[in-house]
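Notes follow the structure.
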Amino acid sequence: MWSDENKKIEQIYKDFGNIKQFPAKCPACEHDSAHLYAHIYDRKTQRSGLWIWCSQCHAFSHASIYAPAHWENCAAVELEKLTAVPAYLEEIKDTIDAHINQLKQNLV
Numbered sequence: 743m744w745s746d747e748n749k750k751i752e753q754i755y756k757d758f759g760n761i762k763q764f765p766a767k768c769p770a771c772e773h774d775s776a777h778l779y780a781h782i783y784d785r786k787t788q789r790s791g792l793w794i795w796c797s798q799c800h801a802f803s804h805a806s807i808y809a810p811a812h813w814e815n816c817a818a819v820e821l822e823k824l825t826a827v828p829a830y831l832e833e834i835k836d837t838i839d840a841h842i843n844q845l846k847q848n849l850v
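Oh and the sequence shown: position 87 is 829 in this note's numbering, straight run, nothing missing.
What follows is the structure in structure tokens.
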């Protein structure tokens, strides 16, 4: 069952620039199973939804952020399937991790 009680998972967002590759080490359970995804809803303001979750311990966080200008939505994500709980994102986590890792590579 997914839980948004363990706020340690939010450290993934704070450490995003230092994380070399996803999946990353989960700060809640210490397994290499943490993921992050942001989806831009408004290109003008870069207003986005943010999901951070762990496939192992099911800790998650969902928030609104303003994504960086270089951020791109993952084409594989179906907008109508996004909910606060990351169950859908968990189903496509490998695709999301590859997308995030590519975005990180483009920054180097």
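Glycine residues also receive a C-beta, built at the ideal position from the N, C-alpha and C atoms.
With 16 other CB atoms within 10 Å as the buried threshold, where does residue i fall?
i    : result
L849 : exposed
D774 : exposed
P765 : buried
What does the alpha-carbon distance come out to for the pair residue i and residue j?
i    : j    : result
I807 : T825 : 15 angstroms
I834 : W813 : 19 angstroms
V819 : D757 : 24 angstroms
D839 : I761 : 12 angstroms
C796 : Q844 : 20 angstroms
Can you tell me which of the three DSSP states residue i falls into?
i    : result
I834 : coil
Give the C-beta separation of residue i and residue j to the nearest angstrom, bearing in mind that I take them to be a contact with Cβ-Cβ under 8 angstroms.
i    : j    : result
C816 : H841 : 4 angstroms
Q847 : A811 : Incorrect: roughly 17 angstroms between the Cβ atoms, too far for contact.
H804 : L792 : 7 angstroms
Practice task
Enumerate, from N- to C-terminal direction, the unbroken alpha helix (DSSP H) stretches of 4 or more residues contained entirely within the stretch 750 to 830.
Solution key: The qualifying runs are 753 to 756.
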